[in-house]
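Numbering-wise (the working numbering), the sequence shown opens with residue 77 and increments by one. Since the structure comes first, as structure tokens, the remarks are kept for the end.
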Amino acid sequence: MPDVTFVFADGERTTITARPGEMLLAAARRNGLALSSDCEVGDCQTCRCTRLSGAVELDEFATTSLTDAEMAEGEVLTCVSSAAGDVTLRMPYERTRLLPAKAFSVRIDAVERLGPSVVRLRTRTLGLKPLVFLPGQYINVKVPGAGVMRSYSMSNAPSGERSLDLLVRLLDAGAMSDYLRDRASLGDHLECEGPRGTFYLRDGTRPVLMVAGGTGLAPMLAMLRHMAERTPGRKVCLCYGATKADDLVCLDDLKALQSRLPGLEVRTAVSQGRAAVPFLSGHVTDLLRPADVPDRDIYLCGPPAMSDAARIYLTSHGAEAAAIHVERFVPTGEATSRLVTA
Ligand code: FES
């Protein structure tokens, strides 16, 4: 039976034995090893890791949201892959930092329209304790009356308070969009579960590069707020893009953060229409420069096409693969998917 070795970001190594054909996530769980996961059907990429040696097989009945190129480069989804012989995997997170997800409820305190297509949902957790999460993580929210879950990253920093602020992109047809437009009322209770995800701010003092598209700004805001509180001397460059200028939101929040985090540089881009200064006309990846890359912790959050383009630029300019952390935001509309917007 194959040995599977997991190498975590803090250097911890754990080896388990998998049964033939057993999914890596299931094998880890059977051996008492908790790994990051969410959908468990190959969709959300919360279980994504990188193969360092050996080979894996994709479950023949599964679908995967990884591209052929990503799989060829060694990217693996543990929920839909089994070991084809001994294999070693690099997990992009520290084993001890992720807390188990739990069910909880929130109450809506405010629904704020930040732009034509973005809403900030201000909520407050109910029950005995606030939610403990890492800056950059997300929660799943059940849409009232629709029976579907949608995922949103917190845009506030964990503070021990009960507030959870979420940025929601409004779509013409989306379960959460329809709820917020037509039925949501202050005081409504929402069923949630979390925290989830391995996209969280790593400790340290290295400069940080962030690339955010649309509501992919949300986890960056949580990280920036956390740094402003804990490591205000850290250097950060945020490249933030949207389709239209109206869709660039929270610019006042970013300006306020710059006074608390003096090393924060913000660059903005708009991909459609003529952008007025200080916005660049173009894609967010057009804001990247070669000097941004070396010796950085890098965070990419936005549509897959943006993340892929940014990753290609960064690796071609020398970024280490292990320094790049990615969260994909996929507008869900009618489809199933994950980090969300609809
Ligand atoms: S948990 Fe594996 S893709 Fe979602």
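Even glycine gets a Cβ: it sits at the ideal position worked out from N, Cα and C. Computed from a predicted model, the values in this text were never measured in an experiment.
Check your understanding: Opposite M99 in the DSSP bridges: which residues?
Key -> The partner list for M99 (beta bridge, DSSP) reads S158.
Review point. Helix, strand or coil for T361 per DSSP?
Key: Note: T361 maps to helix in three-state DSSP.
Review point. What separation, rounded to the nearest whole angstrom, lies between the Cα atoms of L364 and T126?
Key: Rounded to whole angstroms, L364 and T126 show a C-alpha spacing of 25 Å.
Check your understanding: From A222, Y255 and A298, pick the residue whose C-alpha is nearest to that of L240; which is it?
Key -> Minimum Cα distance to L240 is reached at A298.
Point to revise | When A94, V117, E116 and P295 are compared against R106, the one with the closest alpha-carbon | key: Comparing Cα-Cα distances from R106 to each of A94, V117, E116 and P295, the minimum goes to A94.
Review point. Any idea if H265 is buried or exposed, counting beta-carbon neighbours within 10 angstroms, 16 or more meaning buried?
Key: Counting Cβ neighbours within 10 Å, H265 comes out exposed, since fewer than 16 surround it.
Review point. Between which two residues does the alpha helix (DSSP H) containing D144 stretch?
Key: Run containing D144: D144 to A148, per the alpha helix (DSSP H) assignment.
Check your understanding: What residue from G358, L109, M303 and T140 has the CA that sits closest to G339's CA?
Key -> It is M303 whose Cα lies nearest to the Cα of G339.
Check your understanding: Straight-line CA distance for L356 to E133?
Key -> L356 and E133: Cα-Cα distance of roughly 44 Å.
Point to revise | Close Cβ partners of T319 (< 6 Å) along its chain, the five nearest in sequence each way excluded | key: The answer, listed in chain order, is S347 and Q348.
Exercise for review: Within its chain, find whatever has a CB closer than 6 Å to the CB of G150; leave out the 5 residues flanking it on each side and keep chain order.
Suggested key: Once the five neighbours on either side are set aside, the close Cβ partners of G150 are T126 and R127.
Point to revise | V117 versus T143, S157, A148 and L197, residue with shortest Cα-Cα distance | key: Between V117 and the set T143, S157, A148 and L197, the nearest pair of CA atoms involves S157.
Exercise for review: Spatial neighbours of A179 within its chain, please: CB distance less than 8 Å, with the 5 preceding and 5 following residues excluded, ordered by chain position.
Suggested key: So the qualifying residues of the chain are E267, C268 and E269.
Point to revise | Unbroken beta strand (DSSP E) run spanning K218, endpoints | key: Here the beta strand (DSSP E) through K218 covers Y214 to K218.
Practice item. Report the option in S141, D258 and V325 whose CA atom is closest to the CA atom of A288. Key: It is V325.
Check your understanding: Cα-Cα, which of M77, E170 and A148 is closest to D86?
Key -> Cα-wise, what sits closest to D86 is E170.
Check your understanding: How would the residue list near the ligand FES read, in chain order, if you kept each one whose beta-carbon is closer than 6 Å to any heavy atom?
Key -> Per the Cβ criterion, the list is S113, D114, C115, E116, G118, D119, C120, Q121, T122, C123, L153 and C155.
Practice item. Can you tell me which of the three DSSP states L340 falls into? Key: If DSSP states are grouped into helix, strand and coil, L340 belongs with the strands.
Exercise for review: List the residues that DSSP assigns as beta-bridge partners of R106.
Suggested key: In the DSSP output, where bridge partners are listed per residue, R106 has none listed.
Check your understanding: Residue range of the beta strand (DSSP E) that M225 falls in?
Key -> Here the beta strand (DSSP E) through M225 covers M225 to S229.
Check your understanding: Any idea what DSSP makes of Y430, helix, strand or coil?
Key -> Because the chain is modelled from 77 through 418, residue 430 falls outside the range shown and cannot be assessed.
Exercise for review: Please state if the CB of S383 and the CB of L390 are separated by a distance shorter than 8 Å.
Suggested key: The beta carbons of L390 and S383 sit no closer together than 8 Å.
Check your understanding: Around the C-beta of L202, are 16 or more other C-beta atoms found within 10 angstroms, so that it is buried, or is it exposed?
Key -> Under a 10 Å Cβ-count criterion, L202 is classified as exposed, with fewer than 16 other Cβ atoms of the shown protein chains found around its own Cβ.
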